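Line by line, the protein sequences are chains S and C.
Reading the first sequence from the start, the letters are residues 474 to 1023 in our numbering.
Reading the second sequence from the start, the letters are residues 9 to 423 in our numbering.
Backbone N, C-alpha and C fix where the C-beta goes; we use that ideal spot for every residue, glycine too.
From a predicted model like this one, the values you see are computed outputs, not experimental measurements.
These notes concern the structure reproduced below.
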Amino acid sequence: MSTPLSGPGSATQAPGREPAGSRPPRSRPSRTRATRDDAPITLTGLAGKVLLLGLTAGVAVWAAFPLVAAGMWAGLALLAASTAGLFYLYLTRRHIPAKYLVPGTLFLIAFQVFPVLYTASTAFTNFGDGHRGSKDDAVVAIQSSSVTQVPGSAEYALSIATTGDPATGALVFLVTDPGTGAVSVGDTDGLRRLDPADVTVATGGRVTAADGYTVLTVGQASSRSREITDLVVPTPGGAVRSSGLSRAYEGKAVRAYEAGCDCVRDAETGRTWTADDEAGAFVAADGERLAQGWKVNVGLTNFTRVLTDENISGPFLGSLIWNFAFAIGSTGGTFLLGMLIALVLHSPRMRGTNLYRVVLVLPYAMPSFAMLLAWRDMFNADFGLINNLFGVNVDWFGQAWTARFAVILVQLWLGYPYMFLVATGALQAIPRELTEATAVDGASPWQSFRAVTLPLLLVALSPLLISSFAFNFNNFNAIYLTTEGAPFPADNPANGATDLLITYTYLLAFGGQGAQFGFAAAISLFIFAIVAVVSAISFRRTRKQEEVYA
Amino acid sequence: MRIRTAGVVALFTLALAASGCGGDSDEPAAKDTPKAAGGKLVIWADDKRTAALKPFAEKFGQENGVSVEVQAVSKDLQTNFVTASQQGSGPDVVVGAHDWIGNLVQNGAIDPVQLAAEQKSAFNPTAIKAVTFNGQLYGVPYAQENLALIRNTELAPEAPKTIEDLVANGRALKASKKATETLCLQVGQNGDAYHIYPLYTSAGGYLFGTGANGDYDPKDLGVGKPESVEAFKKIGALGEKGAGVLKRSIADTNSIATFTGKKCAYLVSGPWAVADVKKANIKYDISAIPGFAGGKEAQPFVGVQAFYVAAKGKNKALAQEFVANYTTTPELAVALYNAEPRPPALTAALDQVKGTDPDLAKFQEAGRNGQVLPAIPAMAAIWDPFGKAEAAVIGGADPTSTITAAGKTISGQIK
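Encoded structure:
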């Protein structure tokens, strides 16, 4: 790559990279501008531009409404700035390179940088089941889940009414005591008895009309749902609350948050749970936690847990070695098989190559999800096709080595058509003259393959091999849909013989006590680091190779 | 130059028009519809139940002048529900299994439902017990299900009294080449705690002890205790290195199919298997899962499907109205039964369909002594290690060390 190309190719230069001598003198900028301005504006170009920018503006407006509704002004400012930036960029004639780079960069930020940063920031929190929201959310959840009916209190029939407009007027509850038939009106001041002469009561006990009040229909009431749920009519024993739109009960929140002690107190038992802002939970003196916690920053806890927890760090090394073996085995195996078939079909003496190619590509055309499940069933020890066909009795997924062999075999079957396709393409790009020349020089076919074809193939395919390696390193489906990590040692249900780091992570983070996103993010960062190092080393080596052969 | 200026002007106008159009068509529509229709109720359920719910939800909407939308969430309904309600984009009502309650409550995703005493008494008491968590009623049950022993009456005319009877008859069938397997009880490569549980209880094991108030106590873990080791010794004796009755090669994917293929005379499964069995034209009968001779009763888990009110729903009052006052009617329970034959939790609805479907009473009888599936969050820590220990023991591993290790893993994960 470093040596300049010679020959006719060097005459055609990329625009903007012309030699300094051919550039018009700087003293006549107006002419340069004029030349650019006179570049023809085609109708399709203009239409495309209008359409895309219109779409951008449309998306921006669409995205702005929720941001305004949620009051997220920083996000809105970012949205406005980036939209304005995009319009500026594509409406001026300057900044040509940026016009090409910006869309890709935006997508890179949205789909690569942001998720990585988000994962990294999650790794420092206890985000997970029981710790999803804010402390206020937890307090609301604790209080509302402690509302119980006051023992022995009446169940009321309920109608929602208002003294004003059905859509905006202040709401009141019209409640009928089923025992006495007495109708009362309730608002935030409490309950007041109504004169029976002023109200019409239906057979179920619900008030259908009352003097001075407009009774809302279910439709009208339901559009003011939040106000109804929030309306609490205080009574001596607790408060009358709605249960839906047709019944009310007298209930009491047994547990309440007290800001003074930063704790939750149970009014019945007197027990208190004090907020622990490091754990993100309300904890009682004896260590009992309330289930509803909140998300807090936990610093490096998740990372140290990976390194110090024996259940995790113990089998980690074994899993890592198997993970490398699996990725190398899958990538190397598919590459060797794919290349071999490509070489065979590349031979000029081969007949019917198109038919072979179609048949060979078939596994690639089938959805890998379904194929993985089909292979899993084929490896079943008693009912599987493989044991029945070959008349053997191998407990494939029951023993560590057969299970490992089986998953790599499945990967080989799924992956070789891809390698075959790319190898075929790369082979056709290698001039036959080169191999013919080696034959003239007296090289055996093997020598010519080793010295000429393979290195040239590798130059083209190395980046693909590296990406295939990175993909297989984290090939979750290959394991999760076949062995699910089995076989597991009898004394350790967390780490199986075929578990990759990613399936192992999944089990650790989501298998036990619900989802632990913070912990999962921390392990993901470890895996990210491993894959990044391996890829970086491989790419460096590839570059050296390209320098030799290009 | 003129073209350029004109172009830019045209561009701006069009761009603004385009964005304006987007705004006009989307925003007012989205904002105005709920008010015009008088409120909207969004229900999330899985595919099958969505179909059954739709007509009834529509009827509820028409009767009350509101719009009701039933949305199918075909995969990971519970996780999606928790995540969506956290973000404020969740539904008002969700339909799911009762053992979700512990997790939904710790995430503040559902609110208690206040039912009147006479509403509660219309339900099967077990179902009400299942949806009660920390003394609060969190859902309205509509169907109840448990495992039973389904047998092919051509191969096995008599219901076995004990596991030993079952094994003896199954072996005889195998010897006479009438069947290839003794018992279709799904185990799979990584075990299946739900399906092995009846045998585990019969052999004396338990998962959680119960506290003073009858709730499961996560501090009293039965896995790893001597009783559980003894239980797994009995299960191991039925395993691959023992009697060969329990096998890892029989899994969720092939257990029912093996039974309908007449390769085994006994199937341990639930009401969901009956449709396949009927389709295969097999003469069958349903009875309780037998226990070990001289052991305790085999107790299957009893699971309940229920309606929940989302805590962060936009229309909570309407959701409460729907869940507390509408799903408690027998008509809806019968319709849901017709969509998928699981025994209704409403006693009146069960009586109504019992006559036409004798299987229901048999399933209910088989679950009479069942245990309510624990809904406490700690249960999540059980499934995986317990299942894998089961698979290992059935594959021939030493029960003592395996179950002790599983107990240690589980107690380590329970906070």
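Looking only at S:V623, S:T908, S:I785, the smallest Cα-Cα distance to S:A721 is reached by S:V623. Pairwise C-beta distances place the stretch 951-961 of chain S out of contact with the stretch 739-746 of chain S, as fewer than three of them are shorter than 8 Å. Residue state for S:H568 is assigned as coil, using DSSP reduced to three classes.
Look at S:P966: its C-beta is under 8 Å from a C-beta on chain C.
Here the C-alpha atom of S:N968 lies approximately 20 Å from the C-alpha atom of S:G802. When 9 Å is used as the limit between beta carbons, C:G98 is near no residue of chain S, the shortest such separation being about 12 Å. Taking CB atoms only, S:I569 has no neighbour in chain C less than 8 Å away. Around the beta carbon of S:V523, a 10 Å sphere encloses 16 or more other beta carbons of the protein chains shown; the residue is thus reported as buried.
In the three-state reduction of the DSSP assignment, C:V102 falls in the strand class. Under DSSP, the beta-bridge partners assigned to C:W52 are C:Q79, C:V102. With the rule of 3 Cβ pairs closer than 8 Å, the stretch 411-420 of chain C counts as touching the stretch 236-246 of chain C. Within the stretch 833-863 of chain S, the complete alpha helix (DSSP H) runs of at least 4 residues fall at 841-851, 858-863. Taking C-alpha positions only, S:L828 is separated from S:L818 by approximately 11 Å.
Going by DSSP, C:E235 is part of the alpha helix (DSSP H) stretching over 234-245. S:E1020 carries a helical assignment under DSSP once its states are collapsed to helix, strand and coil.
DSSP places S:F961 in the coil class of the three-state scheme, outside both helix and strand. With at least 16 other beta carbons inside 10 angstroms of its own, C:S75 counts as buried. Assigned with DSSP and collapsed to three states, C:E398 falls in helix.
Ranked by Cα distance from C:I422, the first of C:A397, C:I390, C:V282 is C:I390. Not one beta carbon of chain C lies nearer than 8 Å to the beta carbon of S:S997. Boundaries of the alpha helix (DSSP H) around S:L809: 783-819. The three-state secondary structure of S:V620, taken from DSSP, is strand. Under the three-state reduction of DSSP, S:P936 is assigned to helix. When CB distances to chain S are screened at a threshold of 7 Å, the residues of the stretch 257-286 of chain C falling below it are S257, T261, N262, in chain order. Residues of chain S whose Cβ lies closer than 7 Å to the Cβ of C:T417 are, in chain order, P966, A967. Within the stretch 623-679 of chain S, the runs of beta strand (DSSP E) at least 3 residues long that lie entirely inside it are, in chain order, 628-635, 644-649, 656-660, 663-666, 672-674. C:E77 has a beta carbon lying at 8 Å or more from every beta carbon in chain S. If you look at C:K137, you'll find it in the alpha helix (DSSP H) that goes 133-138. Taking a Cβ-Cβ cut-off of 9 Å, the neighbours of S:V691 in chain C comprise G46, G47, E71, N72, G73, V74, L326, E329, given in sequence order. In terms of Cβ geometry, C:A319 and S:S617 form a close pair [threshold 8 Å].
For S:W886, the enclosing alpha helix (DSSP H) starts and ends at 873-902. Nearest C-alpha to S:I1003 among S:S792, S:S626, S:G743, S:T595: S:S792. When beta bridges are read from the DSSP output, C:Q144 appears opposite C:F141. C:P120 carries a coil assignment under DSSP once its states are collapsed to helix, strand and coil.
Within chain S, the residues F961, P966 have their CB atoms less than 7 Å from the CB of C:K396, given in chain order.
For the C-beta of C:V113, the chain S residues within less than 9 Å are, from N- to C-terminus, A614, S618, A764, Q765.
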